[in-house]
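Numbering (UniProt numbering), first residue to last: 1 to 352.
Cβ atoms here follow ideal geometry from the backbone N, Cα and C, with glycine treated the same way.
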């Protein structure tokens, strides 16, 4: 800790991303990346965008991409915000909609960036304890609050909350912003976008990192009422007006237009997930129901930390969270069929 650090930085407990080791080649199932390449049309568009126009700033309003996303979801351009990955959009949202002194609500087991942002922006929060089966108790969000945020499906569990349940939360919190983080929604869930017609306090955040295979591009977006999107624009333009570069804008537009590629890859992942669930259950694992490109598993006899270490020794990376209630679970990203076969073979050897 340096004497030059501000008090705010000294008190931070930063988010820890999944490891990216370089000592050897691993079967990498620890960061929820898509195992399949992005749309060839998106790649071609990015290659074409790498021209002499890179000397110029990109369009700060990102109109073409916002038009494309808006048309995809049946919304106006003014209801779409785009940013440098969904994490940046989340950060802007914390600044735009949550105030210090008014505790916000989010689940006790959830995306671990939420408490990091709360600390960074001096926002108090209260945890809503998940049910024993890791489902979200809707009534936990009926208490007074300064705002609500949760992923759907939740992370790291993969559990999905129905639109009827989300609508109940929205009805009970008409005066607060409710943020639904839909990073994994395309792997079997239904987006809450249809609820935007009736709830101007709803903000939906999504990413191109998962279902559209563009984690390396860093494009995220938010959908909401015009007034919520305007608030995000005010924050963005107070920090960095040019959040997306020309190459990212070109690739993101074509990724949304290539519906055939999107459907093919997400269907593959969902089919592989179902096959793997059956296999690990046969090995005695408990598997939390998932509509994400991941599964959350626990063995009744062999500790998760031991499985995590032994998988790594065998060249397979998964995610282990040494935290209360989930310290005997592993989060396993759904890779290609070949990658998952390697995972299952190693898992059998460990638990047999």
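- If you ignore the 5 residues before and after residue 32, its C-beta comes within less than 7 Å of the C-beta of 210, 293, 294 and 333, all in its own chain and listed in chain order.
- Where residue 232 is concerned, the enclosing alpha helix (DSSP H) starts and stops at 226 to 236.
- Annotation for residue 181: no alpha helix (DSSP H) segment contains it, though the beta strand (DSSP E) segment containing it runs 178 to 181.
- By the Cβ criterion, the region 241 to 250 is not in contact with the region 113 to 122, since fewer than three pairs of Cβ atoms, one from each stretch, lie closer than 8 Å.
- Contact annotation: the region 205 to 222 touches the region 169 to 185, with at least three C-beta pairs closer than 8 Å.
- Residue nearest to residue 238 within the set 39, 92, 119 and 64 is 92 (criterion: CA-CA distance).
- If you check the CB distance, residue 319 and residue 18 come in under 9 Å.
- Annotated as proximal: residue 97 and residue 203, with beta-carbon spacing under 9 Å.
- Listed as beta-bridge partners of residue 291 by DSSP are no residues whatsoever.
- Of the other Cβ atoms in all chains shown, fewer than 16 fall within 10 Å of the Cβ of residue 174; this residue is therefore exposed.
- With fewer than 16 other Cβ atoms from the protein chains shown falling within 10 Å of its own Cβ, residue 301 counts as exposed.
- Apart from sequence neighbours up to five positions away, the residues of its chain that approach residue 223 with a beta-carbon distance below 7 Å are 73, 75, 79, 80, 193, 196 and 204, ordered along the chain.
- By a beta-carbon distance limit of 8 Å, residue 329 contacts residue 296. Their separation comes to about 5 Å.
- For residue 105, the uninterrupted beta strand (DSSP E) segment begins and ends at 104 to 107.
- With 16 or more other CB atoms across the displayed protein chains lying within 10 angstroms of its CB, residue 87 is buried.
- Scanning 155, 105 and 342 for the CA closest to the CA of residue 139 turns up 105.
- For residue 331, the enclosing beta strand (DSSP E) begins and ends at 330 to 333.
- With a minimum length of 4 residues, the unbroken runs of alpha helix (DSSP H) contained wholly in the region 48 to 114 fall at 63 to 73 and 85 to 97.
- In the DSSP assignment, residue 25 falls outside any beta strand (DSSP E) and carries neither an H nor an E.
- For residue 272, the closest of 126, 233, 338 and 315 by C-alpha to C-alpha distance is 338.
- Within the model, the alpha-carbon separation for residue 162 versus residue 7 is close to 41 Å.
- Just measuring C-alpha positions, the residue of 289, 82, 327 and 30 sitting nearest residue 306 is 327.
- Bounds of the alpha helix (DSSP H) holding residue 265 are 259 to 282.
- With respect to residue 38, residue 245 sits apart: the two C-beta atoms are not nearer than 9 Å.
- In the DSSP assignment, residue 206 is bridged to 221.
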